[in-house]
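Undergrad: This is the structure I have questions about; it appears just below.
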Amino acid sequence: MNTRAESVVKEQPTGLEDVTRSVRAVIRASRTVGEASADVLERELAMAISISEQIRDNVFSEKMLEKARTEGLPARLRSDAHRALDLAADAGAIVYNSALTFLENFADERRAPLASLNAASTPLATAEPVNKG
384 MNTRAESVVK EQPTGLEDVT RSVRAVIRAS RTVGEASADV LERELAMAIS
434 ISEQIRDNVF SEKMLEKART EGLPARLRSD AHRALDLAAD AGAIVYNSAL
484 TFLENFADER RAPLASLNAA STPLATAEPV NKG
């Protein structure tokens, strides 16, 4: 005995729009899963960084850290590394946001049903077999 209630909305099949409706649902679900996964990854990374900072602070004195951060080549390399990381983060954020915008716009664009496309198109000519005799 089937006790499950029918949850599918009965609609007239429209062909391409049915496919895009499904793609839309997949994109939205994938985005939700992807964002949740990224949130977990970011929290784990933040925790690992915090633990590493605590270990560093327990191993090295404040005076030694200050000297390493402000003097000579190591200080310049540190500054350059920070700037490079900022550039990479900016590029990654732009690519991420652009890809999401593209996918959402693609998924949300309404398309005409296939039946109306077929009615508007001209019939294709068929080739007659050549009889060589």
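In our numbering, the protein residues as written are 384 to 516. Beta carbons are placed, not taken as given, at the ideal position from N, Cα and C, and that holds for glycine.
Taking only the alpha-carbon atoms, compute the straight-line gap between Ala472 and Asn480 and give it to the nearest angstrom.
TA: Distance between the alpha carbons of Ala472 and Asn480 is about 12 Å.
Undergrad: In the DSSP assignment, find the unbroken alpha helix (DSSP H) run with Ser481 in it and report its ends.
TA: Start and end: 455-491.
Undergrad: Would DSSP call Ser444 helix, strand or coil?
TA: Of the three classes helix, strand and coil, the one that applies to Ser444 here is coil, per DSSP.
Undergrad: Once the 5 residues before and after Gly475 are set aside, which same chain residues still bring their CB inside 6 Å of it?
TA: Here the set comprises nothing.
Undergrad: Would you please state the rounded distance, in angstroms, between the beta carbons of Ala458 and Arg466? I believe it to be under 8 Å.
TA: Not a contact, Cβ separation roughly 13 Å.
Undergrad: Tell me the rounded alpha-carbon separation between Leu483 and Ala412.
TA: Computed Cα separation, rounded: 13 Å.
Undergrad: Checking 8 Å against the spacing of the C-beta atoms, do Ala521 and Thr403 come in under that value?
TA: Outside the shown range of the chain (384 to 516) lies residue 521, about which nothing can therefore be said.
Undergrad: Give me the Cα-Cα distance between Leu448 and Ser420, rounded to the nearest whole angstrom.
TA: Between Leu448 and Ser420, the C-alpha separation is close to 35 Å.
Undergrad: Between the alpha carbons of Ser436 and Ala429, how many angstroms are there, rounded?
TA: Checking the sequence shown, residue 436 turns out to be Glu, not Ser. If I take the Cα positions, the gap works out to 11 Å.
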